[in-house]
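Below you'll find the structure, written out as structure tokens, and then a few comments.
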Amino acid sequence: MKSLVTGASGFIGSHLVERLVDEGHRVTALVRKTSRLRWLENDSVQLVTGDIRNPDSLVGAVKNQDLIFHVAGTIRARRMKEFAETNHEGSRNLINTVIKHNPGVKKFVYVSSLAAGGPTTP
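Residues 178 to 299 in the numbering used here are what the sequence shown lists, from first letter to last.
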């Protein structure tokens with residue numbers, strides 16, 4: 178299986194990548210230019226630079242993937258707008274790119290965190 182993982186350089190994403198590799202998947206990791214890659218130092222993982230806030234940067238990553246695991250998300254931001262740009266608009270960008278460039282994807286798994294909703298009052 179060919180699997181794409183967004184947010185692959187993060188805690189959850191990197192563990193997912195490790196598990197998929199162990200299970201024999203050919204993994205593509207979507208990473209930003211600023212991503213720390215310390216948990217992705219596996220020669221069998223293909224790194225693709227992109228950003229879910231930029232739809233054009235996603236096309237190459239989503240093409241020909243069997244499975245897409247969307248783990249990317251912002252859990253800390255200075256303003257609510259920053260949460261929305263990544264967690265709402267970014268997710269929409271990814272889904273629309275998949276629909277347009279890989280409509281036959283077998284499965285799309287969306288993983289989120291309560292923290293993705295932004296700060297709350299006590």
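Glycine residues also receive a C-beta, built at the ideal position from the N, C-alpha and C atoms.
For clarity, every value in this text was computed on a predicted model and none was experimentally measured.
Measure from the alpha carbon of residue i to the alpha carbon of each residue in the options, then state which is nearest.
| i | options | result |
| --- | --- | --- |
| I245 | D220, R203, H265 | R203 |
| N231 | L217, R269, S289 | R269 |
| L224 | E200, R253, V248, S186 | S186 |
| N219 | H265, A261, R196, S289 | R196 |
Following the continuous beta strand (DSSP E) through residue i, name the residue where it begins and the one where it ends.
| i | result |
| --- | --- |
| H278 | No beta strand (DSSP E) holds H278; the alpha helix (DSSP H) holding it covers 268-278. |
| K179 | 179-183 |
Which residues in the same chain have their Cβ closer than 8 Å to the Cβ of residue i, if we skip the five residues on either side of it in sequence?
| i | result |
| --- | --- |
| N241 | K179, N279 |
| V282 | V239, Q242, D243, L244, I245, V275 |
| V248 | V182, T183, G184, A185, G187, I189, G190, L193, V288 |
| V222 | A185, V194, V198, V204, T205, A206 |
Straight-line CA distance for residue i to residue j?
| i | j | result |
| --- | --- | --- |
| R256 | R209 | 21 Å |
| G190 | T263 | 16 Å |
| G267 | L235 | 10 Å |
| G250 | E200 | 25 Å |
| I229 | L214 | 17 Å |
| A206 | L271 | 14 Å |
| D233 | K258 | 21 Å |
| K277 | G227 | 17 Å |
Alpha helix (DSSP H) containing residue i: first to last residue?
| i | result |
| --- | --- |
| S191 | 188-199 |
| V239 | 236-239 |
Could you check if residue i belongs to the surroundings of the ligand MN, using beta carbon to heavy atom distance under 7 Å?
| i | result |
| --- | --- |
| G187 | Within the structure as shown, the ligand MN is missing, as the structure has no ligands at all. |
Looking only at its chain, what residues have a beta carbon closer than 6 Å to the beta carbon of residue i, apart from the 5 residues adjacent to it on each side?
| i | result |
| --- | --- |
| A254 | F260 |
| F285 | I245 |
| S212 | S186 |
Can you list, in chain order, the residues of its chain with a C-beta nearer than 7 Å to that of residue i? Leave out the 5 residues immediately preceding and following it.
| i | result |
| --- | --- |
| W216 | S186, S191 |
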